[in-house]
Every structure is written in structure tokens, then in C-alpha cells.
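Here the structure is laid out as C-alpha cells; the discussion comes afterwards.
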Amino acid sequence: MSQRSHLTDSGAWRVVGRPKPGQGRRRATTPNEDRYLVLTARRHRNMNATLLQQHLRSATGTTVSTQTVRNRLYGVGLYARRPMRNRGSRNNPAFVHKSVRFGGGGVLMYGGISIDGRTDLYIIRYGPLTARRYRDKILRPVVVLYAAAIGDGFILMDDNYRPYHMNPIEHVWKALGRRVAGRQPPPQTLQELERALLEEWDRIPQLVINSLIDSMPQMCSTLLAVRGNHTY
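Heads up: the sequence shown is residues 1 to 232, going by UniProt numbering.
Next comes the structure, spelled out in C-alpha cells:
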């Protein structure tokens, strides 16, 4: 054949062995599915290949490997990279990823703090803290007596007042949680957890509480400067 067509043996082999259009392995995704992957990745920048794979299967019924997902993104220039931002822009709302975490059951408690003082920690058992229970179990027997001891300058700042991180008690709760989590061995039952909370509450240095309260003016100025956005 190579002699009649005036081709060398290697040239003839390349002509005969060249696959026809349409031959070869079939693509795992259609053009529409490719566009879906790309659009989803661009709309949800925090999604990895595994989540995109699950979204594609849920939306179209097509199951592909995570490498196929990456290949489709590579084809349009989308690569996994460490997020980069300008210095000082970490609190920009565009760069904040909000999430809600809840680890399950636990212990409901109440405690109050002030400069050079704190209330006892009260464990609230047997059901939720309703308005009536809050009045009868917290405000009247605890807050009113504590306010009388402080005097006319007493101001009550409720725990759930927003923004939460602007209330120093929130930082005390975090410190309490870290102290309980660091106990060895860790609490295994609700009774052990209650006992650990009561013990660690009394062990928090008063200087830590005082410094948190003293930092409030600076935190308020920072919050105003960022117009209510994240400050840390």
C-alpha cells in the first residue's frame, strides 16, 4: 500500500491507525452537566470536588469521579488555591463564611459577672428556661440581690443581647468551656459535667473577668468603625 500511494511505511501506518471522529472513550458528562459544575463552583467558592460531585448526582442523576469534576473545572481555568485577600480585609463581609454549629445536648446554666465580682453559677434543670422560670429562678433570687449589693450604678446586660461577642460574659463562657474541655479525664455524664462547670467557674481568675469588662470601650469603638461587621 505504501508503494502505490507513494507513502513511507511509517506514514501509511499513521493514516491507517488514526481514529475516526467519535471513536474513543465516551465523556462521562454532557456539555450541560459541564456548565452546571462550573456555575456551581463559581457560585459556591468553598465547595470541593466531593461536594460538587454530590450536587451533580442530586441534580442530574449522573455519577462521576471527583477527578472528573476537577478536570471539568481545570478546563475553564478553575483550580483549588489557598484563598488570598489584601492585608486588613479579613473582616470584610465578602470574606466571611457564616456557619451554625451545634454539638447536641448539654447543660443550661446562668452566671453573672461584674468588676471584682461574680454570682454563683446556677444549673437550670428540668426543662427549658421559660420567661416565668427566668423571673422566679434567676431575676428575683439572683439578679435583684446582686444589684442591691452593687448599688445604684448597677446595669443589667442580658446574655442574649446582640451582637453576642460584645457581651463580656460570652468570652467568659468560652473560657469556661476551654477549662472544662481540658480536664483529665473529661466529664462523661451530665452529673460530671455539672460538677466540672461549677468547679471551673470558681477557678476563673477575677483578673480575667475584669480585663474583659475593661476592654468593652475599645471593642465598642472597633464595632462602630466597621459599622457593625465582624471585628475578629
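Each residue gets a CB set at the ideal place from its N, CA and C atoms; glycine is no exception.
It should be emphasised that the depicted structure is a prediction, and the values quoted were computed from it without experimental measurement.
Which residue from the options puts its Cα closest to that of residue i?
{"i": "Leu78", "options": "Arg57, Asn32, Leu37", "result": "Leu37"}
{"i": "Pro128", "options": "Val107, Arg43, Val143", "result": "Val107"}
{"i": "Gly117", "options": "Ser215, Pro31, Val208, Arg25", "result": "Val208"}
{"i": "Lys137", "options": "Phe154, Met109, Lys174, Ser114", "result": "Met109"}
{"i": "Glu33", "options": "Gly177, Ala41, Thr60, Pro141", "result": "Thr60"}
{"i": "Asn46", "options": "Trp173, Ile113, Ser211, Arg81", "result": "Arg81"}
In the DSSP output, which residue or residues are listed as bridge partners for residue i?
{"i": "Tyr122", "result": "Tyr110"}
{"i": "Gly61", "result": "Bridge partners of Gly61: none, in fact."}
{"i": "Gly117", "result": "Ser114"}
Identify whether residue i lies in helix, strand or coil by the three-state DSSP scheme.
{"i": "Gly153", "result": "coil"}
{"i": "Ser215", "result": "coil"}
{"i": "His171", "result": "helix"}
{"i": "Gly177", "result": "helix"}
{"i": "Gln54", "result": "helix"}
{"i": "Asn71", "result": "helix"}
{"i": "Thr29", "result": "coil"}
{"i": "Pro141", "result": "helix"}
{"i": "Tyr134", "result": "helix"}
{"i": "Met166", "result": "helix"}
{"i": "Gln191", "result": "helix"}
{"i": "Arg203", "result": "helix"}
{"i": "Arg43", "result": "helix"}
{"i": "Asp34", "result": "helix"}
Roughly how many whole angstroms lie between the Cα atoms of residue i and residue j?
{"i": "Gly151", "j": "Gln188", "result": "41 Å"}
{"i": "Gln184", "j": "Arg133", "result": "34 Å"}
{"i": "Ser221", "j": "Arg227", "result": "10 Å"}
{"i": "Leu224", "j": "His165", "result": "14 Å"}
{"i": "Thr29", "j": "Asn92", "result": "37 Å"}
{"i": "Ile213", "j": "Ile204", "result": "14 Å"}
{"i": "Val144", "j": "Arg87", "result": "47 Å"}
{"i": "Pro217", "j": "Ile169", "result": "15 Å"}
{"i": "Val167", "j": "Arg27", "result": "Contrary to the premise, residue 167 reads as Asn rather than Val in this sequence. So the alpha carbons of these two residues sit roughly 56 Å apart."}
{"i": "Gly103", "j": "Asp120", "result": "Below a pLDDT of 50, predicted positions are generally treated as unreliable, and Gly103, at 48, falls in that range; the measurement from the model is reported next regardless. So the two alpha carbons sit approximately 26 Å from each other."}
{"i": "Arg178", "j": "Gln191", "result": "18 Å"}
{"i": "Arg35", "j": "Asp158", "result": "50 Å"}
Cβ pair count under 8 Å reaching 3, the region 44-54 against the region 62-74: Contact between the region 44-54 and the region 62-74 is present, because at least three Cβ pairs lie under 8 Å.
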